[in-house]
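Here the structure is laid out as structure tokens; the discussion comes afterwards.
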Amino acid sequence: MFKDRKTLYYLGLFTAGLLLYKLVDNIGGVLQFFSTLMSMMTPFFIAFFIAYLLRPLVNALEARLFSRQRLRRLYSILIVYTLFLGLIFIVITVITPRIIDSVSTLLAGLPQYIAGTEQWVRGHVLEQEWFAQSGIDARVGEFLSSASSQISEFVRLILNNLLSGLLSITTTLLNLVIGFIVSIYLLKDKEAIGRGTQKILVALLGQSRAASIVDFVKRIDTTFSQYFVGVILDAMIIGSIVFVGLLILQSPFALLAALVVGVTNVIPYFGPFIGMLFVGLITLFVSPMQALWNVLFIFIIQQLDGYYIGPKVIGNKVGIGPLWIIFAIIIGGGFFGLIGMFIAVPVVAVIKTAFDSYIERRLSSK
């Protein structure tokens, strides 16, 4: 009936337009459907993340420690997942309760800390004769009162979000358990999964296009894997150093401060500053002099990380310049918050890789 290609073209165009109209007209239902679908897929996303994170360790053990064993994959997975479970157990039973206790204590004493800090500044700065003679002490006092209120709300917002995030972990325990189990099968059968996916691509797209896609995915995998593992390892190192250092300095909330510094350290350029600012603020409420020492110590550690630890652990894994990194962080953070800032850099690196490959193909064809 529709042998005329032009008729088929217009029919397809009309169908696509009608489908687009119905999607826009029912955008609420469409978004709800995808939200429900994403919620149902959460265990599989968790499984993929765990498998992707632990795969380098499994590969290393398989290649070096059990290279001659017939069940080397099984032994490697068993060791890595035992260590991973031990780490999770420590986080749940030791670290998380202490973090929650620190956040609760800080929130409960926040008004008192704010008042004490304001009193210290007034007594050591505003009431000094040289400052009073300048004639700006009254205005500074008003600014200090206003700033104290704003800082209090800022810190309270951050701590409440952190506390709710820690508490929400317990509500997703089922997803974590399912994801953990599925991740074992992903690592165990990763070659079979890869071969099956490649066969489907060849059947649908042909040998040449399938090979190009597989090659591109391998390049993406290399970029993401090296970057994520390096950044997370670097964050753990910096967080541990900061924790030990703050304990030596007898700083309050050392574990909470180290956690924030470690988490924010995964964000290039902005993250270290955010972590240092947060630690300075929460310590400022207890002791301004202690806050100064803490900020100075963290600044030194971050410089050490920037010039020595980071290049050794992470290296230049993404191959993009500082301007593109800053651009990626701003865009990723604007759309997806902290997670967006974390994944933005490798995503932009992948886009750049795809664009470079396209340019190379265009140039080679001329």
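Quick note on numbering: my numbering labels position 334 of the sequence shown as 350, and the sequence is numbered without any gaps.
Glycine is no exception: its CB is placed at the ideal position from the N, C-alpha and C atoms.
Small disclaimer: the values here were computed from a predicted structure and weren't measured.
Select from the options the residue whose C-alpha is nearest the C-alpha of residue i.
i, options, result
"K206", "V363, A63, M57 and V366", "A63"
"L123", "I236, T98, L297 and M56", "L297"
"F294", "L70, N310, A370 and T23", "N310"
"V361", "L379, L300 and Q242", "Q242"
"F232", "L77, D321 and D372", "D372"
"V329", "R377, I253, F315 and I316", "I253"
"V279", "Q266, F259 and G255", "G255"
"L249", "F61, K234 and L69", "L69"
"I115", "L300, I283 and L275", "L275"
"I290", "V302, P304, F301 and F315", "F315"
"L73", "P59, I93, Y324 and G326", "I93"
"L303", "L190, Q128 and A370", "Reading off the sequence shown, one finds Ser at residue 303, where the question assumed Leu. Ranking the options by Cα distance to S303, first place goes to Q128."
"F244", "V230, I216, V363 and I257", "V363"
"F259", "G33, L24, I197 and I111", "I111"
"L234", "V247, Y285 and Q214", "The amino acid at residue 234 is misidentified as Leu; the sequence shows Lys. Closest option to K234, Cα to Cα, is Q214."
"F60", "V247, L379 and G195", "G195"
"I236", "V193, I367, G246 and F351", "I367"
"P284", "L192, G246 and L90", "G246"
"F65", "R89, A227, I359 and S381", "I359"
Counting C-beta neighbours from all protein chains within 10 Å, is the total for residue i 16 or more, i.e. buried, or is it exposed?
i, result
"A307", "buried"
"L272", "buried"
"Q318", "buried"
"L29", "exposed"
"N281", "buried"
"F49", "exposed"
"D41", "exposed"
"L203", "buried"
"F105", "exposed"
"T109", "exposed"
"F313", "buried"
"R365", "Before going further, note that residue 365 is Ala rather than Arg in the sequence given. By the neighbour-count rule (16 or more Cβ atoms within 10 Å), A365 is buried."
"A219", "exposed"
"G399", "Any answer about residue 399 is impossible in this case: the structure gives the chain only from 17 up to 382."
"V119", "buried"
"D321", "buried"
"S199", "buried"
"T52", "exposed"
"R225", "exposed"
"L221", "exposed"
"A370", "exposed"
"G7", "Outside the shown range of the chain (17 to 382) lies residue 7, about which nothing can therefore be said."
"I257", "buried"
"G326", "buried"
"R211", "exposed"
"L47", "exposed"
"E376", "exposed"
Query raised in the report: In chain order, which continuous runs of the alpha helix (DSSP H) of length 4 or greater are located wholly inside the region 260-331?
Result: Annotation note: the region 260-331 contains the following uninterrupted alpha helix (DSSP H) runs of length 4 or greater, listed N- to C-terminal: 270-280, 286-300, 304-320 and 326-329.
Query raised in the report: Counting only runs that start and end within the region 49-109, where is the alpha helix (DSSP H) found for 4 or more residues in a row?
Result: You should have 58-80 and 88-106.
Report task. Please list the segments of the alpha helix (DSSP H) lying wholly inside the region 206-236, counting only runs of 4 or more residues, in order along the chain. Result -> Runs of the alpha helix (DSSP H) lying entirely within the region 206-236 and spanning at least 4 residues, in chain order: 206-221.
**Report entry** Segment contact, 8 angstroms Cβ cut-off, at least three pairs: the region 264-271 with the region 342-350
**Finding:** Contact between the region 264-271 and the region 342-350 is not established, with fewer than three Cβ pairs separated by less than 8 angstroms.
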